[in-house]
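Shown next, in structure tokens, is the structure this report addresses.
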Amino acid sequence: MLVVSLELKNIGLINYANVKIDGLSIIAGENDTGKSTIGKTMFAIIKAFSRYEQDFNEDNKRQIYRLLHNIFMRVRRLSNIDSLEINLVREFSPPKLMKEIEFYLDMKDIESIENLLNYRIYLIEDSKLKESEKELIISKLISLIKEISYFSSGEKKEYINNALRLAFMSEFGTEISNKLSKGDSWVKFSEGLDNVLEVSIRENIIENLSYSEEELFFNDVTYIETPFILQMYDLIERSTAFLEDEEKTANKFSNIRKSIVPFHIKDIINKLANSEYFNEITNMEKYQESILNKINNIVDGEVVFNKKKRDFFYQKEYNGEKFRIKSANIASGVKAFSLIQMLVKSGILNDRSLFIVDEPEIHLHPKWQVEYCKIIVELVKNGVPVLVTTHSPYILQALKVFSDKAGIYDKTNFYFAEKVDNNLGTEVYEVNENLNKVFRKLSDPLQKLVWE
6 MLVVSLELKN
16 IGLINYANVK
26 IDGLSIIAGE
36 NDTGKSTIGK
46 TMFAIIKAFS
56 RYEQDFNEDN
66 KRQIYRLLHN
76 IFMRVRRLSN
86 IDSLEINLVR
96 EFSPPKLMKE
106 IEFYLDMKDI
116 ESIENLLNYR
126 IYLIEDSKLK
136 ESEKELIISK
146 LISLIKEISY
156 FSSGEKKEYI
166 NNALRLAFMS
176 EFGTEISNKL
186 SKGDSWVKFS
196 EGLDNVLEVS
206 IRENIIENLS
216 YSEEELFFND
226 VTYIETPFIL
236 QMYDLIERST
246 AFLEDEEKTA
256 NKFSNIRKSI
266 VPFHIKDIIN
276 KLANSEYFNE
286 ITNMEKYQES
296 ILNKINNIVD
306 GEVVFNKKKR
316 DFFYQKEYNG
326 EKFRIKSANI
336 ASGVKAFSLI
346 QMLVKSGILN
356 DRSLFIVDEP
366 EIHLHPKWQV
376 EYCKIIVELV
386 KNGVPVLVTT
396 HSPYILQALK
406 VFSDKAGIYD
416 KTNFYFAEKV
426 DNNLGTEVYE
436 VNENLNKVFR
446 KLSDPLQKLV
456 WE
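End of the sequence shown = 457 in the working numbering, gap-free, step of one.
Structure follows, in structure tokens:
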């Protein structure tokens, strides 16, 4: 995969960080050292880019459809109702023509769109309309061609700026910048040697933005913060997020006051709920089947979503009888594995989708922490990029051992988040060659306890 780098200054608790994703990246450190800030920033950027593309394209399509409708109404008004001209009017039907245009727009094939509209110009020229009427419609078609060409290369900065603003607000609220630092804040996002995005932030407001016209390598990102979201489906579904279509949510639950949750929470709960549609997958890759079998053996069953009951259920077979347990009564460790189980089953995790796991050890016994790391490494070995934050020496050691055994040590990077400047901020730096320092720091409380 393409090496992706994220560089931060004065974001959240972080004074400075430079982290790369080249397969598996692990950020270790004590509590309150800004580890999650890296994941949230990465999530915000990737989601903002995918969102701005969506907003940009939807706005463009709405504008194109409006112009098509105006042309259609003009053709229909000017045409006499005989069989030939009825066929002419049909050729300008907005739904029909828009469907064809959308097909080529999604492929970024502007030349084919121009051919479609030039054919309509030919039809007008060959029609029985008056010359003055022909000129009017043809001029509108030529204007439409120019508009579409402009849309395809138009100014996207406003859309990106707005998407980033909403994404950062969703993840950080109004506390993007480091409160304890007086310096400006900035974020740089690179792919290989190319700078994809540079953002300057002053007083939690995006001031300067520069970006590449190239498409982002990651087209999606999934962030796991806690497995307890499984038992909060109804609450989360009724909430909204800054990046979400609020009007749609409001219409769905019009009589309920909406609360706001971070977008990464809404994002993953929707993905998990949608996994119900993939219960009968037949074209799964071997590594996916392998991971699902391993998780099934660990948790001795699987978790599935029941749309009618609006809840997740753990189910297993025992002596030929099926047992089901509601999400609130599922063990937290089982939930942790089940999140990956559902994401793998639905094909969400792939080589163009970043998977972020925040402190998985919180809900896992050390034995299952080791098993969890085996699953993570198997995902990375099969092309899924993963970012893990942790304060567990078990997780750190297990990821080190299993990545070495899997032959992905050259695509595995370890980072340490450490408080600096009298605890006024933290720095995150690479420790590939100095992991012992991290092990000592994370295991120090146990060592002190043993020797007391």
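We treat Cβ as the ideally placed atom computed from N, Cα and C, and that holds for glycine. These numbers were taken from a predicted model, which means no experiment stands behind them.
Asked	Found
Specify the secondary structure class of S217 as computed by DSSP and reduced to three states.	coil
Which residue or residues does DSSP assign as beta-bridge partners of R329?	Q320
Is H368 near P232, with beta carbons less than 8 Å apart?	yes
Reducing DSSP to helix, strand and coil, say where S259 ends up.	At S259, the pLDDT of 44 sits below 50, so the modelled position is not reliable; the number obtained from the coordinates is stated separately. Here S259 sits in coil by DSSP.
I'd like the list of long-range same chain contacts for R67, defined as Cβ closer than 7 Å, with 5 residues on each side in sequence excluded.	none
Residues in the same chain with beta-carbon distance under 7 Å from P99, minus the five sequence neighbours each way, listed in chain order, please.	Y70, L73, H74, F77
Is I400 buried or exposed, if buried means 16 or more other CB atoms sit within 10 Å of its CB?	buried
Return yes when the Cβ of A22 is within less than 8 Å of the Cβ of F173, no when it is not.	no
Just mark Q5 as buried or exposed, buried being the case when its beta carbon has 16 or more other beta carbons within 10 Å.	No answer is possible for residue 5: it lies beyond the span of the chain, which begins at 6 and ends at 457.
Could you pull the start and end residues of the beta strand (DSSP E) that R207 belongs to?	199-207
Can you find the residues in the same chain that come closer than 7 Å, C-beta to C-beta, to D305, ignoring five residues on each side of it along the sequence?	K321
Going by C-alpha distance, which of V362, I142, H396 is nearest S448?	H396
Please state if the CB of V362 and the CB of I229 are separated by a distance shorter than 8 Å.	yes
Where does N15 fall in DSSP's three states?	strand
By the three-class DSSP mapping on this structure, what secondary structure does G34 have?	strand
Evaluate the contact criterion for the stretch 175-183 versus the stretch 198-211: three or more CB pairs, one atom per stretch, below 8 Å.	yes
Can you pull the DSSP bridge partners for W373?	Per DSSP, none; premise fails for W373.
In terms of alpha-carbon separation, which member of I16, E130, T245 lies closest to D189?	I16
Taking the continuous alpha helix (DSSP H) assigned at G338, which residues delimit it?	337-350
Return the residue from the list K331, N439, V425 that minimises the CA-CA distance to D316.	K331
Count the CB pairs spanning the stretch 131-144 and the stretch 103-114 that are closer than 8 Å, and state whether there are at least three.	no
DSSP has T431 in a bridge; who is on the other side?	I19, K424
If you draw a straight line from the C-alpha of I380 to the C-alpha of E290, how long is it?	15 Å
For E196, count neighbouring C-beta atoms within 10 Å of its own C-beta (all shown protein chains included) and say buried if the count is 16 or more, exposed if not.	buried
Need the endpoints of the beta strand (DSSP E) that E176 sits in, please.	No beta strand (DSSP E) holds E176; the alpha helix (DSSP H) holding it covers 162-177.
Would you call the stretch 422-430 and the stretch 32-44 touching, i.e. three or more CB-CB distances under 8 Å?	yes
Whose C-beta lies closer than 6 Å to the C-beta of V382 among residues of the same chain, with five residues either side of it excluded?	F407, S408, A411
Helix, strand or coil for N224, going by three-state DSSP, please let me know.	coil
Based on the DSSP output, what are the partners of K25 in its beta bridges?	S10
Taking L11 and V24 to be in contact with their CB atoms under 8 Å, please state how far apart those CB atoms are, rounded to whole angstroms.	5 Å
Given this structure, state the Cα-to-Cα distance separating I413 from N441, to the nearest angstrom.	20 Å
Smallest Cα separation from K313: which of Y292, I345, V339, D239?	D239
Hey, how far is the Cα of N123 from the Cα of S55?	32 Å
Would a C-beta distance cut-off of 8 Å place G44 and L392 closer than the cut-off?	yes
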